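Taking it in order: structure first as structure tokens, then the write-up.
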Amino acid sequence: MQITIRRAGRDDVPAVLALLDGATEWLVARGRTDQWGTSPHSTSPRRVEQITGFADDGGLWVGETDGRVVGALAVGAALDYVPPATEPELYVRLLVTDRLSIGQNLGGTLLDHARTLAREDGVRLLRVDCFAGGDGALVRYYEKQGFTRDAEFAVPRVNDVDWLGQVLVQHL
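Numbering (our numbering), first residue to last: 48 to 219.
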């Protein structure tokens with residue numbers, strides 16, 4: 048599968064939200080509702096605003112194959128709930144791929160793009176956070192991508208258990 052990565056704009060926000068909705072459906076079908084819940088991201092004003100903001104600040108990228116968006120990457124400053132870095136960094140704020148394209152290394156290709164962006168900016172630290180609950184599969188995914196575990200954190204949720212997170216780092 049040939050993937051083309053390009054900077055995304057506001058016109059791409061619905062496609063990115065559709066990827067997030069598809070990932071949520073995939074998680075729910077596997078009984079893994081503790082990561083993103085069960086509601087579509089496209090119906091969440093907060094999530095729509097977040098993805099639109101990623102597009103507006105120039106940090107949103109999409110991967111396409113045959114004119115179809117099959118992955119999205121957002122990079123920039125770390126999100127508020129993440130412990131601060133001790134050196135200049137590029138932060139992976141979002142990584143999502145089409146669940147119908149599992150096994151095509153779309154996530155790895157998008158992470159390679161993030162590494163390239165960091166190097167171009169003269170930054171030697173790439174960080175990402177992910178859901179650390181469940182069976183830990185997502186943390187292991189990032190470790191296979193060359194990241195190492197750093198800080199653990201928890202995001203309080205209203206009327207629910209805290210969302211457990213793991214920050215991972217990669218020195219370039």
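No residue lacks a Cβ here, since even glycine has one placed at the ideal position from N, Cα and C.
Being a predicted model, the structure only gives us computed values, none of them experimental.
Less than 7 Å between C-beta atoms, sequence neighbours within five positions excluded: which residues of the same chain meet that for residue i?
{"i": "Arg79", "result": "Gly181"}
{"i": "Pro87", "result": "Asp68 and Thr71"}
{"i": "Gly155", "result": "Gln192"}
If I measure Cβ to Cβ from residue i and keep anything under 8 Å in the same chain, skipping five residues before and after, which residues do I get?
{"i": "Leu215", "result": "Arg174, Val175, Asp176, Cys177, Val186, Tyr189, Glu190, Phe194, Thr195, Arg196 and Asp197"}
{"i": "Ala179", "result": "Leu185, Val186, Glu199, Leu211, Gly212 and Gln213"}
{"i": "Thr99", "result": "Arg57 and Val60"}
Consider the C-beta atom of residue i and the heavy atoms of the ligand ATP; say whether any pair is separated by less than 8 Å.
{"i": "Leu185", "result": "Although the ligand ATP was asked about, the structure shown includes no ligands whatsoever."}
Using DSSP's beta-bridge definition, name the partner residues of residue i.
{"i": "Thr144", "result": "Gly118"}
{"i": "Trp108", "result": "Arg54 and Leu120"}
{"i": "Thr195", "result": "Val216"}
{"i": "Leu211", "result": "Ala201"}
{"i": "Arg174", "result": "Tyr138 and Val216"}
Using beta-carbon positions only, say whether residue i and residue j come within less than 9 Å of one another.
{"i": "Pro61", "j": "Ser91", "result": "no"}
{"i": "Leu141", "j": "Val63", "result": "yes"}
{"i": "Leu153", "j": "Met48", "result": "yes"}
{"i": "Trp108", "j": "Ala121", "result": "yes"}
{"i": "Ala119", "j": "Gly56", "result": "no"}
{"i": "Val116", "j": "Leu66", "result": "yes"}
{"i": "Arg162", "j": "Gln217", "result": "yes"}
{"i": "Ala132", "j": "Leu164", "result": "no"}
Taking the beta carbon of residue i as the centre, do at least 16 other beta carbons fall within 10 Å, making it buried, or is it exposed?
{"i": "Val208", "result": "exposed"}
{"i": "Ile149", "result": "exposed"}
{"i": "Ala76", "result": "exposed"}
{"i": "Val205", "result": "exposed"}
{"i": "Leu219", "result": "exposed"}
{"i": "Asp113", "result": "exposed"}
Grab me the residues of residue i's own chain with a C-beta within less than 6 Å of its C-beta, minus the 5 sequence neighbours each way, in chain order.
{"i": "Val202", "result": "Tyr128 and Trp210"}
{"i": "Gly105", "result": "none"}
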